[in-house]
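Numbering follows the numbering used here, with no gaps: position 104 of the sequence shown is 87.
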Amino acid sequence: MADEDDIILSELDDEELVLQMMDDLYDGLKEEIEEAVEILLERGWTPYDILTKALVAGMTIVGADFRDGILFVPEVLLAANAMKGGMAILKPLLVETGAPRMGKMVIGTVKGDIHDIGKNLVSMMMEGAGFEVVDLGINNPVENYIDTAEKEGADIIGMSALLTTTMPYMKVVIDALKEKGLRDKYLVLVGGAPLNEEFGKAIGADAYCRDAAVAVETAKHMIARRHNQMG
Ligand code: B1M
């Protein structure tokens, strides 16, 4: 629908374009988000900066208005869909090929929880850093984590939870690992907006990861330490 108010994204400077992306994400305009991501890439932005400074920053605004009852589930779904459109363009760029193999991670969102944007971001960044990632998707019971980690010979089990009601399930998975005598076999990393360092410690995870970049750094550091210990 072209009218005189139509905004030509390519004519905006970087700052205006990022603000416009936040608006477009808020309005769930997937095509506009995809176009803007392409424009920023052409202008030399790194995929990571586009993710964090435009897409994640925009989603934070959506989250605040969702919390405050200004936005509702259908609108947030559209915003999430628009964000995924942008992420799909960035994924192959974040996932470099030929990076040395760092280790293997099985990751999924826990049972009862269907939020997957943050988890997908972690998967992408981990792959970009040279980890092999087996993505279990959403709503995962204990068996999915443990059976897949065993079958795949994973080094790391990653869990994501976005709801205060689902985050305790992470402990269920960790306790099941303990019961099976498998706890020390895996590094268990947890993340998601409602978690914090203390919670990670309390449930017996190896580390809480504030964001995807921290997940990558923590995984690299812990895998290296483990290799050194074994060596
Ligand atoms: Co939901 N939701 N939601 N939601 N949603 C939240 C989480 C909420 C905080 C919104 C709010 O009220 N402000 C709130 C939870 C409140 C609480 O628990 N106390 C909430 C609610 C209540 C709900 C429903 C119950 C709403 C309803 O139905 N009435 C419902 C629950 C459904 C369910 O899961 N059973 C629901 C549904 C949905 C949608 C389906 C509409 C949609 C999800 C779409 C999708 O994911 N495909 C949605 C969305 C989009 C959100 C918000 C707005 C955004 C989440 C997001 O994608 N953030 C969210 C508000 C918020 O978090 N501010 C909200 C962007 C993403 C990049 O960040 O996921 O935090 P995040 O991931 C970060 C880090 O946390 C970390 O790294 C990521 C990247 O840096 N990280 C990890 C995440 N996982 C990790 C795993 C790791 C490591 C790091 O492993 C190693």
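Glycine residues also receive a C-beta, built at the ideal position from the N, C-alpha and C atoms. A quick note: this is a predicted structure, and the numbers were derived from the prediction, not measured.
Does DSSP classify residue i as helix, strand or coil?
i	result
residue 80	Reliability fails at residue 80, whose pLDDT of 47 lies under 50, so the model's placement of it is uncertain and no value is given.
residue 128	helix
residue 189	coil
residue 118	strand
residue 170	strand
residue 43	helix
residue 123	strand
residue 16	helix
residue 154	helix
residue 11	coil
Out of the options, which has the shortest C-alpha to C-alpha gap to residue i?
i	options	result
residue 233	155, 118 and 77	Because the chain here runs from -16 to 214, residue 233 falls outside it and cannot be looked at.
residue 209	86, 62 and 157	86
residue 142	124, 70, 134 and 136	124
residue 139	53, 69, 162 and 199	199
residue 169	137, 187, 0 and 181	137
residue 205	194, 190 and 195	190
residue 219	144, 161 and 95	The requested residue 219 does not occur in the structure, where the chain is confined to residues -16 to 214.
Thinking residue i and residue j are a contact (beta carbons under 8 angstroms), I'd like their distance in whole angstroms, please.
i	j	result
residue 117	residue 110	Incorrect: roughly 11 angstroms between the Cβ atoms, too far for contact.
residue 217	residue 45	No answer is possible for residue 217: the residues shown for the chain start at -16 and end at 214.
residue 177	residue 201	Contact flag wrong, Cβ pair sits at about 19 angstroms.
residue -6	residue 72	No, residue -6 and residue 72 are not in contact; Cβ-Cβ is about 20 angstroms, not under 8 angstroms.
What I want to know is whether the C-beta of residue i ends up closer than 7 angstroms to one or more non-hydrogen atoms of the ligand B1M.
i	result
residue 26	no
residue 90	yes
residue 131	no
residue 204	no
residue 87	no
residue 42	yes
residue 13	no
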